[in-house]
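Down below is the structure, laid out as structure tokens.
2 protein chains.
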Amino acid sequence: MSVDSKEYILQTAVTLFSKQGFAAVSMRGLANSVGMSVAAVYHHFPNKQALYLEAVHFAFAKQASAFDEVWQAQLTADEKLSRFVHCLAQVLTTDVDFRRLMQRELLDADDERMQLLAKEVFQEQFSHLMAVIEQMGESRQIHFSALSVIALVCDIIQMQPLSRHLPGWRAEHEEVDFIAGQVLNLLMNGIKSKGCQ
Amino acid sequence: MSVDSKEYILQTAVTLFSKQGFAAVSMRGLANSVGMSVAAVYHHFPNKQALYLEAVHFAFAKQASAFDEVWQAQLTADEKLSRFVHCLAQVLTTDVDFRRLMQRELLDADDERMQLLAKEVFQEQFSHLMAVIEQMGESRQIHFSALSVIALVCDIIQMQPLSRHLPGWRAEHEEVDFIAGQVLNLLMNGIKSKGCQ
DNA sequence: GTCTATATGGCGATAGAC
DNA sequence: GTCTATCGCCATATAGAC
Numbered sequence: 001m002s003v004d005s006k007e008y009i010l011q012t013a014v015t016l017f018s019k020q021g022f023a024a025v026s027m028r029g030l031a032n033s034v035g036m037s038v039a040a041v042y043h044h045f046p047n048k049q050a051l052y053l054e055a056v057h058f059a060f061a062k063q064a065s066a067f068d069e070v071w072q073a074q075l076t077a078d079e080k081l082s083r084f085v086h087c088l089a090q091v092l093t094t095d096v097d098f099r100r101l102m103q104r105e106l107l108d109a110d111d112e113r114m115q116l117l118a119k120e121v122f123q124e125q126f127s128h129l130m131a132v133i134e135q136m137g138e139s140r141q142i143h144f145s146a147l148s149v150i151a152l153v154c155d156i157i158q159m160q161p162l163s164r165h166l167p168g169w170r171a172e173h174e175e176v177d178f179i180a181g182q183v184l185n186l187l188m189n190g191i192k193s194k195g196c197q
Numbered sequence: 001m002s003v004d005s006k007e008y009i010l011q012t013a014v015t016l017f018s019k020q021g022f023a024a025v026s027m028r029g030l031a032n033s034v035g036m037s038v039a040a041v042y043h044h045f046p047n048k049q050a051l052y053l054e055a056v057h058f059a060f061a062k063q064a065s066a067f068d069e070v071w072q073a074q075l076t077a078d079e080k081l082s083r084f085v086h087c088l089a090q091v092l093t094t095d096v097d098f099r100r101l102m103q104r105e106l107l108d109a110d111d112e113r114m115q116l117l118a119k120e121v122f123q124e125q126f127s128h129l130m131a132v133i134e135q136m137g138e139s140r141q142i143h144f145s146a147l148s149v150i151a152l153v154c155d156i157i158q159m160q161p162l163s164r165h166l167p168g169w170r171a172e173h174e175e176v177d178f179i180a181g182q183v184l185n186l187l188m189n190g191i192k193s194k195g196c197q
């Protein structure tokens, strides 16, 4: 049926685009991966560019509401922040396709697509995060603090292939709970953990 | 002369690869950009892959010693950390090609190239950073703390095209000194800046 | 909706003259 | 060391039958 084929193509496309990037993915390769002819793929999408845009949309829509339970729960601000960090680390570690597509979108940095992403995917979560940080006592640099939380988690995870080869690395450094715990410790106490608590 | 042509090709290749990625750069486009024929480019490099590897090496070699003055100066550990964060933010903001190539390498995450990058570019700087953090009083999670410093600066800068469209953004958020100052404040005091000092 | 076949053009890489 | 010309292949995309 039409919808099933289209969704299957999209799902496969998400994986291919996230692994290889737009230019390196061929319509032949995609058609081969889904077990169809090139012409059949072109029946569902007018061209490669449109297919890519739909694939990005498809991948990001899945994650848009992953954090809703965090914000709606009856918790203190500190607990909400903790849950958010855990959740973010979990999503970025589990859904590798999402994480890599995100990285590629930031690299391309097409302004039109960035606006769309900001508005449709991130703005809501970001506003919740800023509200939580405001409740925690920070009154001036809320935007920057919220950004720092996300940046810290994202880049620690995406630097893993490199940090594996740097001195002092241990296997537990790549476990979701360890990452979340360390990030939260840094956010609460700064780098000198002993001097502050 | 040979060396000049080769270096000019490399410099141009660095820019093209960082902007478009390996697959999207064509030897024809590169040849056109440097004002030579395709065959002339192939006189200097055996194939596209080798050209890419030399280009990455070329771009990273420039930055390898950018931080040496930070570590060798007669400063307290706190001051060294401050200088490092400023320097890193400056390099990542100024040398956009370097930053994007780095991001692309992390995306590809070819393990052989990661090992080479770790050993030849990052290991030395990372060891210095860990030593500084140890001097500051952190005794257990030194690797993770050092990683956090780098991750925070890197991702705040590479998320700029997105954060521009998120609520609370101001133009000063993209100034090098502002970023370094905020990052250092977070590292020293945590997110609740008032509760700790 | 899916197929086979094909049009059209760009790709990486090479041959051989100068 | 650089050129022009070219090889063989793969790319995106379409035509038309079933």
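Residue numbers (our numbering), protein chains in the order written: chain A, 1 to 197; chain B, 1 to 197.
Glycine residues also receive a C-beta, built at the ideal position from the N, C-alpha and C atoms.
As the structure is a computational prediction, the values presented were derived from the model and not from experiment.
C-beta contact flag for residue i and residue j at 7 Å
{"i": "Ala180 of chain B", "j": "Val25 of chain B", "result": "no"}
{"i": "Gln125 of chain A", "j": "Phe60 of chain A", "result": "no"}
{"i": "Asp155 of chain A", "j": "Ala171 of chain B", "result": "no"}
{"i": "Ser18 of chain A", "j": "Leu101 of chain A", "result": "yes"}
{"i": "Arg83 of chain A", "j": "Leu92 of chain A", "result": "no"}
{"i": "Lys192 of chain B", "j": "Met136 of chain A", "result": "yes"}
{"i": "Phe45 of chain A", "j": "Leu51 of chain A", "result": "yes"}
{"i": "Ala23 of chain A", "j": "Ala23 of chain B", "result": "yes"}
Own chain partners of residue i with C-beta closer than 8 Å, once the 5 adjacent residues on each side are dropped
{"i": "His143 of chain B", "result": "Met130"}
{"i": "Ala31 of chain B", "result": "Ser37, Val38, Ala40, Val41"}
{"i": "Val183 of chain B", "result": "Val85, Ala89, Val149, Leu152, Val153, Ile156"}
{"i": "Phe178 of chain A", "result": "Glu172"}
{"i": "Gln103 of chain B", "result": "Gln158"}
{"i": "Gly29 of chain B", "result": "Leu16"}
Contact set for residue i: own chain, Cβ-Cβ below 6 Å, skip 5 residues either direction
{"i": "Glu138 of chain B", "result": "Ser145"}
{"i": "Trp71 of chain A", "result": "His128"}
{"i": "Leu81 of chain B", "result": "Val132"}
{"i": "Glu134 of chain B", "result": "Ile142"}
{"i": "Leu187 of chain B", "result": "none"}
{"i": "Glu105 of chain B", "result": "none"}
{"i": "Gln74 of chain A", "result": "none"}
Proximity to residue i [Cα-Cα], best of the options
{"i": "Glu175 of chain A", "options": "A:Leu88, A:Ser5, A:Asp4", "result": "A:Leu88"}
{"i": "Phe122 of chain A", "options": "B:Leu101, B:Val153, B:Met159, B:His173", "result": "B:Met159"}
{"i": "Glu79 of chain A", "options": "A:Asn185, A:Lys192, A:Ile191", "result": "A:Asn185"}
{"i": "Ser65 of chain A", "options": "A:Glu120, A:Val3, A:Gln135", "result": "A:Glu120"}
{"i": "Thr76 of chain B", "options": "B:Val132, B:Val3, B:Ile157", "result": "B:Val132"}
{"i": "Asp108 of chain A", "options": "B:Gln20, B:Glu54, B:Asp111, B:Val3", "result": "B:Gln20"}
{"i": "Lys6 of chain A", "options": "A:His43, A:Met27, A:Ala23", "result": "A:His43"}
{"i": "His57 of chain A", "options": "A:Ala73, A:Gly35, A:Met114", "result": "A:Met114"}
Cβ shell of residue i (< 7 Å), same chain only, five flanking positions each side left out
{"i": "Asp97 of chain B", "result": "Val14, Thr15, Ser18, Ala59"}
{"i": "Lys48 of chain B", "result": "Met27"}
Cβ distance (whole Å) where residue i is taken to contact residue j below 8 Å
{"i": "Leu147 of chain A", "j": "Leu117 of chain B", "result": "26 Å between Cβ atoms; not a contact."}
Check: Pairing CB atoms from the segment 10-21 of chain B with CB atoms from the segment 149-167 of chain B, are three or more of them under 8 Å?
Finding: no
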